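Enquirer: Here the sequence shown stands for residues 1378 to 1711, numbered as in our numbering.
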Amino acid sequence: AGGAYVPIDPGYPASRISYMAGDARLSALLTWGQGAVATADLKLPRIALDEWRVLAEYSVKPLAHNVRADAFAYAIYTSGSTGQPKCVLLNHRGRINNIEDYCRRLELGETDRVLCVSSLSFDISVCNIFCMFRSGGCVIFPSLDRLNDPDHWLDVMQERSVTFWHSAPALMDALLEVTSERRYDRNSLRVALLGGDWIPLSQPKRARAAFPRLRFVTAGGATELSIDSTFYPVDEIDPAWRSIPYGRPLANQSALILDADMALLPPGVPGELHLGGAGMGAGYWRDEEKTRKSFLVHPETGERLYKTGDLGRWLADGNLEYLGRADDQVKIRG
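(1) With distances taken between CB atoms, is the gap from Ala1655 to Gly1379 smaller than 8 Å?
(2) Do Tyr1435 and Val1383 have their CB atoms nearer than 8 Å?
(3) Distance check for Phe1541 and Ser1512, CA to CA, integer angstroms please.
(4) For Asn1564, count neighbouring Cβ atoms within 10 angstroms of its own Cβ and tell me buried if that reaches 16, exposed if not.
(5) Considering only C-alpha positions, which residue in the set His1529, Arg1585, Ile1506, Asp1550 is nearest to Ile1576?
(6) For His1529, does the three-state DSSP call read helix, strand or coil?
(7) So, helix, strand or coil for Leu1615, using DSSP?
(8) Taking the alpha carbon of His1675 as the reference point, which residue from Gly1645, Gly1653, Asn1696 has its own alpha carbon closest?
(9) Beta carbon of Asp1386, beta carbon of Ser1496: below 8 Å?
(10) Can you look up Ile1453 in the DSSP assignment and give me helix, strand or coil?
(11) Taking 8 Å as the threshold (C-beta atoms), are Asn1696 and Ile1351 in contact?
(12) Three-state secondary structure (DSSP) at Ile1517?
(13) DSSP three-state label for Asp1562, please.
(14) Going by the beta-carbon positions, is the gap between Glu1343 and Ser1620 smaller than 8 Å?
(15) For the segment 1566 to 1598, which segments carrying the alpha helix (DSSP H) assignment without a break, of at least 4 residues, lie completely within its bounds, in sequence order?
(16) Is DSSP giving Glu1477 helix, strand or coil here?
(17) Using DSSP with H/G/I as helix, E/B as strand and the rest coil, what is Arg1663?
(18) Sort out for me which residues DSSP pairs Leu1626 with in a bridge.
(19) With DSSP run on the structure shown, which of helix, strand or coil describes Glu1536?
(20) Round the Cβ separation of Gly1689 and Tyr1623 to the nearest angstrom and send it over; I've been treating them as touching at under 8 Å.
(21) Relative to the C-alpha of Glu1558, which candidate in Pro1581, Val1533, Pro1527 has its C-alpha closest?
(22) With DSSP collapsed to three states, give me the class of Ile1506.
(23) On the CB-based measure, 16 or more other CB atoms within 10 Å of its CB, does Ala1586 come out buried or exposed?
(24) Kindly indicate which residue of Leu1578, Gly1388, Leu1521 has the alpha-carbon position closest to the one of Pro1546.
(25) Output yes or no for whether 8 Å exceeds the beta carbon distance between Leu1548 and Leu1566.
(26) I believe Ala1693 touches Pro1644 by the beta-carbon criterion, under 8 Å. Please report the beta-carbon distance rounded to the nearest angstrom.
(27) Looking at the secondary structure, which residues open and close the beta strand (DSSP E) in which Tyr1683 lies?
(28) Figure out for me which residue from Pro1462, Ile1634, Met1639, His1651 has the closest Cα to the Cα of Ile1453.
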């Protein structure tokens, strides 16, 4: 239709939902069920996706539109670790670039099925949904009343022959705990893409023990860019590793380790990770000051970069190593 969407987790408090709806200047709500979004006191038109008779009144003809690659596809709110959540604006070009690259690298196709255990308010959901749309695969959601139940996840994975898993490592850990206690088909899941938090060195081995044909891949990035910016297929765990590498940049994306003067640092020397390329967001909605502080221009190359606040260094093999935050932020639940 040419518009942009704003995902809102139905589990958010009503006050947060009201803030996001007002701040984003929403024009309509798409809801399902009777969660907080559906029942929030918002003066907006609503389309209830579970009211089939209402949906049947809409035309099935494709809408005419003229969407540009640099038009906004969605606006997504960050965690708001320093106060109110920040709204990041992302265009179509960067998302299409990533989705095409994911589908190629992960060899996604018509027989693939993903179980969406991550909240729609996280950009992992963008990969899950649109990679399946692009590849002809199937998107599967857990039951609304059992969204956080790993036993239910495994049930659905068995019933629907799920082949693709994409989540933060904490959710994979929860799934693996269940697999250690139950009998199940160990051969359906073929790809696991993990990101959004520090991945335990033991997790790839545990995941492959649970699903022997599994291809375990890690990815790193920031909400302010294209879902993920780096990609690393994990084979054997190097005993010298302190953490699983971030990997190398995805197609048409860049990763730089810079010092305080934005000078490039050589391999082995820690510095701050800056990301750039096709996935770059437009900035923070209605917040020019925060945009100026985080979205920078490299003084020599002129490349637009996002200052992640993460520390890292280049390894001798050309992969990135994540070293933690430059500030005192701590992630909770990925």
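Note that beta-carbon positions come from the ideal geometry of N, C-alpha and C, so glycine has one too.
Owing to the predicted nature of the structure, the values given are computational and were not obtained by experimental measurement.
Expert: Put simply:
(1) Your numbering for residue 1655 matches position 278 in the sequence shown. Your numbering for residue 1379 matches position 2 in the sequence shown. In this structure, Gly1379 does not lie closer than 8 Å to Ala1655 by Cβ.
(2) Within the sequence shown, the letter at position 58 stands for residue 1435. Within the sequence shown, the letter at position 6 stands for residue 1383. Cβ distance not < 8 Å, so Tyr1435 and Val1383 don't count as in contact.
(3) Counting from one through the sequence shown, the residue named residue 1512 turns up at place 135. Counting from one through the sequence shown, the residue named residue 1541 turns up at place 164. C-alpha separation (whole angstroms): 12 Å.
(4) To locate residue 1564, count along the sequence shown from 1; it is residue 187. Per the 10 Å Cβ criterion, exposed.
(5) Along the sequence shown, read from residue 1 onward, the residue named residue 1576 stands at position 199. Of His1529, Arg1585, Ile1506, Asp1550, the residue nearest in Cα terms is Asp1550.
(6) Locating residue 1529 in the sequence shown gives position 152, counting from the first residue. Residue state, collapsed to three classes: helix.
(7) Walking along the sequence shown from the start, residue 1615 turns up at place 238. According to the sequence provided, residue 1615 is Asp. The question's Leu does not apply to it. Coil.
(8) Walking along the sequence shown from the start, residue 1675 turns up at place 298. Answer by Cα proximity: Gly1653.
(9) Looking up residue 1386 in the sequence shown gives position 9. Looking up residue 1496 in the sequence shown gives position 119. Yes; because the gap between Cβ atoms is below 8 Å, this pair is in contact.
(10) Here residue 1453 refers to the residue found at position 76 of the sequence shown. The answer is strand: DSSP assigns Ile1453 an E or B state.
(11) Residue numbering for the chain in the displayed model covers 1378 to 1711; residue 1351 lies beyond these limits and cannot be assessed.
(12) Here residue 1517 refers to the residue found at position 140 when the sequence shown is read from its first residue. Strand at Ile1517.
(13) Start at 1 with the first residue of the sequence shown, and residue 1562 comes out as number 185. Coil, per DSSP.
(14) Residue 1343 cannot be examined here, being either before or after the span of the chain that is shown, 1378 to 1711.
(15) 1580 to 1587
(16) On the sequence shown, position 100 is the one that residue 1477 refers to. Helix.
(17) Start at 1 with the first residue of the sequence shown, and residue 1663 comes out as number 286. DSSP places Arg1663 in coil when its eight states are reduced to three.
(18) The residue you call residue 1626 lines up with position 249 of the sequence shown. First, the residue type needs correcting, since residue 1626 is Pro and not Leu in the sequence shown. DSSP, once it has assigned bridges, lists Thr1607 as partnering Pro1626.
(19) Within the sequence shown, numbered from 1, the residue matching residue 1536 stands at position 159. Of the three classes helix, strand and coil, the one that applies to Glu1536 here is helix, per DSSP.
(20) Taking the sequence shown and counting its residues from 1, the one referred to as residue 1689 is at position 312. Taking the sequence shown and counting its residues from 1, the one referred to as residue 1623 is at position 246. Right, the Cβ-Cβ distance comes to about 7 Å (below 8 Å), so this counts as a contact.
(21) Numbered from its first residue, the sequence shown carries residue 1558 at position 181. Nearest C-alpha to Glu1558: Pro1527.
(22) Indexing the sequence shown from 1 puts residue 1506 at position 129. Of the three classes helix, strand and coil, the one that applies to Ile1506 here is helix, per DSSP.
(23) Counting from one through the sequence shown, the residue named residue 1586 turns up at place 209. Classification for Ala1586: exposed.
(24) Translated into the one-based positions of the sequence shown, residue 1546 becomes position 169. Nearest of Leu1578, Gly1388, Leu1521 to Pro1546, Cα basis: Leu1578.
(25) Taking the first residue of the sequence shown as position 1, residue 1548 is located at position 171. Taking the first residue of the sequence shown as position 1, residue 1566 is located at position 189. No, Cβ-Cβ distance for Leu1548 and Leu1566 is not below 8 Å.
(26) As a first step, residue 1693 must be located in the sequence shown, where it is residue number 316. As a first step, residue 1644 must be located in the sequence shown, where it is residue number 267. Sure, about 6 Å apart at Cβ, within 8 Å.
(27) Reading the sequence shown from its first residue, position 306 is the one you call residue 1683. Its beta strand (DSSP E) spans residues 1681 to 1691.
(28) Counting from 1 along the sequence shown, the entry for residue 1453 is found at position 76. Ranking the options by Cα distance to Ile1453, first place goes to Pro1462.
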